[in-house]
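Here the sequence shown is numbered in our numbering, starting from 8 and rising by one per residue.
Glycine included, every Cβ here is placed at the ideal spot set by N, Cα and C.
None of the values given here were measured: they were computed from a predicted structure.
This report concerns only the one structure given below.
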Amino acid sequence: ISFLSAGSDVYKGQFDRMEKMGVLAVEMEAAGLYGVAAEHGGRALTIVTVSDHIRTGEQTTSEERERTFTDMVEVALGAILKDTAR
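Right, here's the structure in full:
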């Protein structure tokens, strides 16, 4: 669990500044998801899977992405089912 930066900071070379603030990942979609949920009175949750390491250039293979993303979807669906059962 960590902080995410939503936006284009990654493209501006702000790695050091983000790390000092405890940001360990960058994503582009969650902020929009939360904005839409707030506008319409809904709830939203983001589950993030890391696929690429910005500093080192490491990337997951296609097979790793498929497996881990499938696992992530299963976690998300399980959370939804648990929430709707309340």
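Using the three-state DSSP reduction, which class does residue i fall into: helix, strand or coil?
{"i": "F88", "result": "Phe is not the amino acid found at residue 88; the sequence shown has Leu there. If DSSP states are grouped into helix, strand and coil, L88 belongs with the helices."}
{"i": "L52", "result": "coil"}
Residue i bridges to which residues according to DSSP?
{"i": "F76", "result": "F76 is not bridged to any residue."}
{"i": "S58", "result": "BP columns for S58 are empty, so no partner."}
{"i": "L11", "result": "A32"}
{"i": "Q21", "result": "Answer is none; Q21 lacks a bridge partner."}
Would you mind sorting residue i into buried or exposed? The rule is 16 or more other CB atoms within 10 Å of its CB.
{"i": "V33", "result": "buried"}
Our contact map puts residue i next to residue j with C-beta atoms below 8 Å; I'd like the distance itself, whole angstroms only.
{"i": "R74", "j": "S58", "result": "Their Cβ separation, rounded to whole angstroms, is 12 Å, which puts R74 and S58 out of contact at 8 Å."}
{"i": "M28", "j": "F10", "result": "7 Å"}
Taking 8 Å as the threshold, find out whether the segment 36 to 47 comes into contact with the segment 69 to 87 through three or more Cβ pairs. no
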